[in-house]
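Undergrad: Take this structure first; my questions come after.
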Amino acid sequence: MAPRILLDTTAVPADRGGLGRYVDGLLTALHAQGADLAVACQRADQERYERLVPGTRIVSGPPGLAHRATRLAWEQTGLPHVAASVAADVIHLPTYTMPVSASLPTVVTIHDVTLFAEPGRHDPVRTTYIKSATRTAARRATRLIAPSRATRDELVRLLGADPSHIDVAYHGVDHEVFHRPAEPEIKQVSDRLGLHGRPYIAYLGALEPRKNVPNLIRGWARACAGLPDPPALVLAGGGGWDDEVDAAIAAVPPQLRLLRPGYLSWSSLPGFFGGALLVALPSLGEGFGLPVLEAMSCGAPVLTTRRGPLPEVGGEAVAYTTPDPDGIASALAKLIADPVRRASLAEAAQARSHEFSWTESARAHIASYDKAVEEHRASQGSRTH
1 MAPRILLDTT AVPADRGGLG RYVDGLLTAL HAQGADLAVA CQRADQERYE
51 RLVPGTRIVS GPPGLAHRAT RLAWEQTGLP HVAASVAADV IHLPTYTMPV
101 SASLPTVVTI HDVTLFAEPG RHDPVRTTYI KSATRTAARR ATRLIAPSRA
151 TRDELVRLLG ADPSHIDVAY HGVDHEVFHR PAEPEIKQVS DRLGLHGRPY
201 IAYLGALEPR KNVPNLIRGW ARACAGLPDP PALVLAGGGG WDDEVDAAIA
251 AVPPQLRLLR PGYLSWSSLP GFFGGALLVA LPSLGEGFGL PVLEAMSCGA
301 PVLTTRRGPL PEVGGEAVAY TTPDPDGIAS ALAKLIADPV RRASLAEAAQ
351 ARSHEFSWTE SARAHIASYD KAVEEHRASQ GSRTH
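Written out as structure tokens, the structure reads:
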């Protein structure tokens, strides 16, 4: 009999972001696969999940779970009670924390371990706790899920995780949401940005050091020097703490246009990606690189780096650059001047994006849940003899 899975979604922030897209895509696909599901969530998300996975047992936690300290405390004490109340066989934690006293098998998704490799590129306030919690999960979870082979290998290299207890489950992409946009979608986004048809280079993500935004800004400015109609640079997404971003922006020549529109709605992302001259995501480190895949699905030519799992996602369907400003400038200049190359990349990117689906991701997750239950039963059996 298939195990009953309790998926803890309480860590998903209000802005959804990458974690929200992972949880929503996975839940929808698990439900479509007929998985026996229960969901723990924040109160504000209960109606959302009831619509997303109808007929599933949805249990909302107490008030205050939007605050990290409250959520982490509840996860240790309240989540095991929820698991018992829904008769769960396995608990899936979709991000690095877990209840250490749970009597059930636990599966924890570790999205990336870049803070172990390059801690200086992460928020120092959060780094100490995240590293501690990740080490605990790597040591105590029944199984780990990594979104790429590169992340799995780093878990083994940096944390000494047992490779036989790690399952790779690539993220998927919702091809209905992230589609090649029609002209009205492109025009709507362009007009909202105040560009009104002017060409632009798109970036989507947080302004964190590992995202390499300052070098993107510097590379774009150098690539556009002397161009009669230089494309704008649009830095979309949430905030961050990269102190170099403002300095890089301050050095941008006045004839160039840089926009920071903040968060964009999901519905506008196809028009944003697909309407761009190209999408530039020259990251220094990722666990998977979901914006790269989503841009590919929208038929956008993408420029990224060969760091970590990004070649696993992009393959030969994207362009690559070194992460330094001169390398980015050279790669951008070549793509800006070559519409045939951009069109070729756009076609290849959209075709490759169909190799990734939440259905396949859900199947890999289900296999991990099954292994976790089997291993837990085996360990319990060995203790009784």
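Residue numbers (UniProt numbering): 1 to 385. Cβ coordinates follow ideal geometry from the N, Cα and C atoms, glycine included. All values reported here derive from a predicted model rather than from experimental measurement.
#1: I'd like the list of long-range same chain contacts for Gly20, defined as Cβ closer than 8 Å, with 5 residues on each side in sequence excluded.
#2: From Tyr369, Asp174 and Ile249, pick the residue whose C-alpha is nearest to that of Ala295; which is it?
#3: DSSP three-state call for His92: helix, strand or coil?
#4: Using DSSP with H/G/I as helix, E/B as strand and the rest coil, what is Val156?
#5: Which value, in whole angstroms, describes the spacing of the CA atoms of Ala206 and Leu37?
#6: Quick check on the burial criterion: 16 or more other C-beta atoms within 10 angstroms. Buried or exposed for Ala300?
#7: Measuring straight from C-alpha to C-alpha, what distance separates Leu278 and Arg222?
#8: For Tyr320, which residues does DSSP report across the bridge?
#9: If Val108 and Ala137 are in contact, beta carbons under 8 Å, what's the gap, nearest whole angstrom?
#10: Tell me which residues share the same chain as Gly172 and place their Cβ nearer than 6 Å to its Cβ, disregarding the 5 neighbours each side in the sequence.
#11: Taking all protein chains shown into account, decide if Pro254 is buried (16 or more other Cβ within 10 angstroms of its Cβ) or exposed.
#12: What number of angstroms, rounded off, separates the C-alpha of Gly78 from the C-alpha of His376?
#13: Among the candidates Pro63, Leu30 and Gln42, whose CA atom is the shortest distance from the CA of Pro54?
#14: Between the Cα of Ser267 and those of Arg43, Asp45 and Glu185, spot the shortest distance and give me the residue it belongs to.
#15: Threshold first: 3 residues or longer. Then list the beta strand (DSSP E) segments lying entirely within the stretch 210-297, N to C.
#16: Report back the beta-carbon spacing between Ala2 and Ala35 to the nearest angstrom; my notes put them in contact at under 8 Å.
#17: Distance check for Gly308 and Glu286, CA to CA, integer angstroms please.
#18: Whole-angstrom Cβ separation of Ala319 and Leu345, contact assumed at under 8 Å?
#19: If you drop the 5 nearest sequence neighbours on each side, which residues of the same chain put their C-beta closer than 6 Å to that of Pro231?
#20: Do you know how far the Cα of Gln188 is from the Cα of residue 426?
#21: Does DSSP put Val82 in a helix, a strand or coil?
#22: Any idea what DSSP makes of Tyr129, helix, strand or coil?
#23: Kindly identify the DSSP beta-bridge partner or partners of Val53.
#24: With the cut-off set at 8 Å, would you say Pro209 and Asp242 are in Cβ contact?
#25: Given this structure, state the Cα-to-Cα distance separating Ala367 from Leu115, to the nearest angstrom.
#26: Is the CB-CB distance between Leu144 and His165 below 8 Å?
#27: For Thr70, tell me which candidate among Arg257, Gln42 and Arg48 has the shortest Cα-Cα distance.
#28: Could you have a look at Arg352 and say whether DSSP puts it in helix, strand or coil?
#29: Using the beta-carbon count (16 or more within 10 Å), is Ser148 buried or exposed?
#30: Kindly indicate the opening and closing residues of the alpha helix (DSSP H) around Val107.
#31: Among Gly274, Ser265 and Ala236, which one has its Cα closest to the Cα of Leu259?
#32: Per DSSP, which residues does Arg4 bridge with? Please list them.
#33: Alpha carbon to alpha carbon, how far is Leu303 from Glu347? Give it in angstroms, no decimals.
#34: Out of Gly275, Met98 and Ala141, which one is the CA nearest neighbour of Ala182?
#35: Out of curiosity, what's the CA-to-CA distance linking Glu374 and Pro63?
#36: Just list the residues that DSSP pairs Tyr203 with in beta bridges.
TA: Taking the structure as given:
#1: Val12 and Pro13
#2: Ranked by Cα distance from Ala295, the first of Tyr369, Asp174 and Ile249 is Asp174.
#3: Under the three-state reduction of DSSP, His92 is assigned to strand.
#4: helix
#5: 32 Å
#6: Classification of Ala300: buried, given that the 10 Å Cβ count is 16 or more.
#7: Our two residues, Leu278 and Arg222, have alpha carbons roughly 16 Å apart in a direct line.
#8: Thr304
#9: About 4 Å separates the two Cβ atoms, so the contact holds.
#10: Gly25, Phe356, Ser357, Trp358 and Ser361
#11: exposed
#12: 21 Å
#13: Each of Pro63, Leu30 and Gln42 was checked against the Cα of Pro54, and the nearest Cα belongs to Leu30.
#14: Glu185
#15: 232-236, 258-262 and 278-281
#16: 7 Å
#17: 6 Å
#18: 6 Å
#19: Pro199, Tyr200, Ile201 and Leu277
#20: With the chain represented from 1 up to 385, any question about residue 426 goes unanswered, as that position is not in the structure.
#21: helix
#22: helix
#23: Val53 pairs with nothing; no bridge assigned.
#24: Yes, Cβ-Cβ distance for Pro209 and Asp242 is below 8 Å.
#25: 28 Å
#26: yes
#27: Gln42
#28: helix
#29: buried
#30: Counting along the chain, Val107 falls outside any alpha helix (DSSP H), though it belongs to the beta strand (DSSP E) covering Thr106 to Thr109.
#31: Ala236
#32: Asp36
#33: 14 Å
#34: Gly275
#35: 35 Å
#36: DSSP lists Leu235 as partners of Tyr203.
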